[in-house]
Amino acid sequence: MLTAQQLEQFQQDGHLTVDEFFSTDQIKSALKDIDVWGQETRDNLSVVEKSWYLEKDAGEDAPLRKLDDPVFQRPVFQQLAQVPPVKQVIEQLIGPDVCIFFSQVFMKPAHHGGPKPIHQDNYYFDPTDHQRQVTLWIALDAATTENGCLFFANGSHRAGVVEHVAPVDEPFNLQVPSSLAQQYEMTAAPVPQGGISIHHGNVFHQSSANRSDFPRRAVAMHFIPQGMQLLKPTLAYDDDVRFNL
Ligand SMILES: O=C(O)CCC(=O)C(=O)O
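Here it is as structure tokens:
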């Protein structure tokens, strides 16, 4: 359960870090599964999928940068989502009867993982109530400023969602226009392995490139109340599939 102080910090900053949330064994199982699933996925990508799922400008052997829907597809990630404190914490933030409508594994291989520019998740998802979408981001490796941790503009969740833009060759890479993005001070949010970062759907955030000798892998689970619709999501999410907690 989150303490009153943690809840207040989330309300104030739009995000919160909690260390030691998952056990070493739970994290190890997830990493093992990513190796197997990642290899299978990489071997079967179409040409179009390669442009979405592989690191850019990394040649023939470009590594995978993400995997979609681990919670819908892989029992190991369903088990992570079902650890009782997950439901307790998410319900403290957005109320009862919650579900995961989308999840993603984000990978930043050593020296390869590129940055993710500043964005707001609610621009992607557009749930009917922007105040009741949160993301649980689980550090499968320790996330540091060297290997690509998240950065947040503290308090930016209190403003609304702004129009995003995307590079012509990367329509999936929606981001806050740089003229606006540069007005925000971004604060690093390192997370130890097994810890979590929880963020509000409106908060401006980004992740840096991995310049280290170590990978940075994380899984993000995106929550809303059961029954809530996504009005005009900018990418295709399967609205018929939900994982209720
Ligand atoms: O892990 C990353 O690099 C980006 C994660 C992110 O933007 C998110 O979970 O909303």
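Whatever position you read off the sequence shown (first residue = 1), add 918 for the numbering used here.
We put the beta carbon where it would ideally sit given N, CA and C, even for glycine.
For clarity, every value in this text was computed on a predicted model and none was experimentally measured.
Between His1030 and Arg1135, the alpha-carbon positions lie close to 12 Å from each other. Ranking Ile1036, Gly932, Glu938 and Gln997 by CA distance to the CA of Ala1077 puts Gly932 first. With distances taken between CA atoms, Pro1014 lies nearest to Arg1050 out of Pro1027, Glu967, Leu998 and Arg1050. Here the alpha carbons of His1075 and Gly1113 stand approximately 22 Å from one another. Ile1142 and Leu1011 have their C-alpha atoms spaced approximately 10 Å apart. Under the 10 Å beta carbon count, Asp937 is surrounded by fewer than 16 other beta carbons and is classified as exposed. For Thr1105, DSSP records a beta bridge to Phe1070. Residue range Val1052 to Ala1057 is occupied by the beta strand (DSSP E) that includes Leu1054. Of the candidates Phe990, Gln1000, Trp970 and Glu1064, Phe990 places its Cα closest to the Cα of Asp1158.
For the pair Asp951 and Leu985, the Cα-to-Cα distance works out to about 12 Å.
Remark: the C-beta of Phe1024 is in contact range of ligand 1, defined as less than 7 Å to any heavy atom. Taking 8 Å as the cut-off, the Cβ atoms of Phe1020 and Val1137 do not count as close. By the beta-carbon neighbour count (other beta carbons within 10 angstroms, threshold 16), Ala1154 is exposed. CA-CA distance, Gln929 to Asp1039, rounds to 17 Å. Pro1003 counts as exposed, since fewer than 16 other beta carbons sit within 10 angstroms of its beta carbon.
Remark: the C-beta of Thr935 is outside contact range of ligand 1, defined as less than 7 Å to any heavy atom. It is roughly 14 Å from the alpha-carbon of Thr942 to the alpha-carbon of Gln997. In its chain, beyond the 5 residues on either side, Ala1061, Ala1106, Ala1107, Pro1108, Val1109, Ser1125, Ser1126 and Arg1134 have a beta carbon closer than 8 Å to the beta carbon of Cys1067.
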